Amino acid sequence: MTGTGTARALDPERGTLDKAAGENFPVAPFFLPRAWREDLMAVYGFARLVDDIGDGDLAPGGADARLLGLSPEEAADRLVLLDAFEADLRRVFGSTTPHHPLLRRLRPTVRRRSLTPEPFLGLIAANRQDQQVRRYETYDDLVAYCELSANPVGRLVLAVTGTSTPERIRRSDMICTALQIVEHLQDVAEDLGRDRVYLPAADMKRFHVQEADLATKSAGASVRALIAYEAQRARDLLNEGAPLVGSVHGRLKLLLAGFVAGGRAAVRAIAAADYDVLSGPPEPGKVQLLREVGVTLRGKG
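Right, here's the structure in full:
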């Protein structure tokens with residue numbers, strides 16, 4: 014075991030938080046106030062760990078399972094592990110101390126920012142759904158999944174920064190759903206390797222795409238047309254959500270602009286690859302990302 018595996022074995026809290034540096038979007042950038050950064054990192058630690066559980070990235074006999082009171086045999090079942098993690102999460106909002114250090118780290122943030130359990134439970138529910146639902150029939154079904162897997166993150170950012178309003182939450186949900194869809198488009202091949210397909214079956218049928226077409230080394234014309242269609246949906250959601258950026262001020266405006274710009278730059282990278290996401294995940298360059306940040310800050314798109 015090397016690298017992050019060793020870090021997790023020795024210190025599960027540090028091993029999870031260190032993954033922040035490799036995320037597509039800055040988790041708690043340096044320009045934010047220190048108190049915000051600390052609370053956003055606490056939220057990130059929760060979200061990253063629950064995703065690692067859902068993706069099967071934890072060793073069944075590792076420290077995380079032991080902290081949650083599970084044997085290696087019990088922890089080998091992801092649903093059992095998610096149930097144990099949810100039970101420990103509820104201690105954050107109760108009167109007893111959580112077992113896992115990432116949840117102990119989260120507890121002061123929850124108190125300080127008056128956070129509610131719902132966004133955290135949504136993220137657990139999304140990972141539980143990943144164990145039980147591996148295909149989505151319609152776009153609406155996929156959006157409903159994103160309401161659990163992505164939208165809670167934006168809502169938590171607004172809550173931590175004390176800027177939640179119904180309209181901001183509505184715009185944030187659009188942005189987060191778009192970012193999740195873009196990530197699915199970039200990771201079609203990887204997801205298929207996990208026996209998961211996030212392209213709606215109804216859309217695949219419309220564009221005459223079979224699952225076998227997603228297992229090739231490069232995308233054919235029908236797959237490219239499908240990816241272009243879904244990418245446009247994500248672009249439209251980003252544009253609808255973008256007024257959120259103009260509704261806030263200061264450093265938070267820059268953070269939110271980074272999220273929108275990251276999604277727009279990723280969509281442009283997919284388009285620049287001629288919508289061939291099977292030969293490798295299209296990733297935007299730093300210059301393109303900075304250009305999109307500027308465009309977003311000026312309220313254009």
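Letter by letter, the sequence shown follows residues 14 to 314 of this note's numbering.
A virtual CB, placed ideally from N, CA and C, is assigned to each residue, including glycine.
Every value quoted in this text rests on a predicted model; they were computed, and no experiment measured them.
- Return the chain-ordered list of same chain residues with a C-beta closer than 6 Å to the C-beta of C159, the five sequence neighbours on each side being excluded. T190 and Q193
- Message: Rounding to the nearest angstrom, what Cα-Cα distance links Q223 and M217 in this structure?
- Response: Distance between the alpha carbons of Q223 and M217 is about 7 Å.
- Query: Roughly how many angstroms lie between the CA atoms of Q301 and E87, to the nearest whole one?
  - Reply: Note on geometry: alpha-carbon atoms of Q301 and E87 lie some 46 Å from one another.
- Check whether the Cβ atoms of P111 and L155 lie closer than 7 Å to each other. The Cβ atoms of P111 and L155 do not sit closer than 7 Å to each other.
- CA-to-CA distance, T176 to A238, given in whole angstroms: Between the alpha carbons of A238 and T176 lies a gap of roughly 39 Å.
- Task: Assign S185 to buried or exposed, taking buried as 16 or more other Cβ atoms, counted over all protein chains shown, within 10 Å of its Cβ.
- Result: Under this definition S185 is a buried residue.
- Query: Should A244 and I283 be called a contact, given that it needs their Cβ atoms to be closer than 7 Å?
  - Reply: yes
- Task: Excluding the 5 residues preceding and the 5 following V56 in the sequence, name in chain order all residues of the same chain whose CB lies nearer than 6 Å to its CB.
- Result: Around V56: L169.
- Which ranges does the alpha helix (DSSP H) cover as unbroken runs of at least 4 residues, wholly within the region 185 to 232, from first to last along the chain? 201 to 206 and 214 to 219
- For D65, the first and last residue of its enclosing alpha helix (DSSP H): R47 to G67 is the span of the alpha helix (DSSP H), which, as asked, contains D65.
- Ends of the alpha helix (DSSP H) at E99? R91 to V105
- Below 8 Å on the Cβ atoms is my guess for L119 versus P165; work out the distance and round it to an integer in Å. Contact doesn't hold; Cβ gap of about 14 Å is too wide.
- Excluding the five sequence neighbours on either side, which residues of its own chain have a C-beta within less than 8 Å of the C-beta of Y152, listed in chain order? P213, A215, D216 and R246
- Among A234, L303 and L71, the one whose alpha carbon lies nearest that of D90: L71
- Do you know how far the Cα of S235 is from the Cα of A97? 43 Å
- Task: Assign V146 to buried or exposed, taking buried as 16 or more other Cβ atoms, counted over all protein chains shown, within 10 Å of its Cβ.
- Result: With a threshold of 16 other beta carbon atoms within 10 Å, V146 falls short and is exposed.
- List the whole-angstrom C-beta distance separating P25 from A100, where the pair is believed to meet the contact cut-off of C-beta under 8 Å. Contact doesn't hold; Cβ gap of about 17 Å is too wide.
- Message: Which same chain residues end up closer than 6 Å to D65 when comparing Cβ atoms and leaving out the 5 residues on each side of it in sequence?
- Response: L71
- Query: Which of the three DSSP states, helix, strand or coil, is assigned to R147?
  - Reply: coil
- Task: Specify whether the region 195 to 203 and the region 270 to 285 touch according to this definition: at least 3 beta carbon pairs, one from each stretch, less than 8 Å apart.
- Result: yes
- Item | Where S235 sits in the DSSP three-state scheme | helix
- Message: Helix, strand or coil, according to DSSP, for S162 in the structure here?
- Response: helix
- Beta-carbon spacing of G58, L128 below 7 Å: no
- How would you write the range of the alpha helix (DSSP H) that T309 sits in, first residue to last? For T309, the uninterrupted alpha helix (DSSP H) run begins and ends at K299 to L310, by DSSP.
- Query: Can the beta-carbon of R264 be found closer than 7 Å to that of L45?
  - Reply: yes
- Task: Please say whether L205 and L338 have beta carbons closer to each other than 7 Å?
- Result: Not covered by the structure: residue 338. The range shown for the chain is 14 to 314.
- Task: Would you kindly report the start and end of the unbroken alpha helix (DSSP H) that includes E86?
- Result: P85 to A88
- Does DSSP put D335 in a helix, in a strand, or in coil? Outside the shown range of the chain, which is 14 to 314, sits residue 335, and nothing can be said about it.
- Using the C-alpha atoms, what's the distance from G298 back to H262? 26 Å
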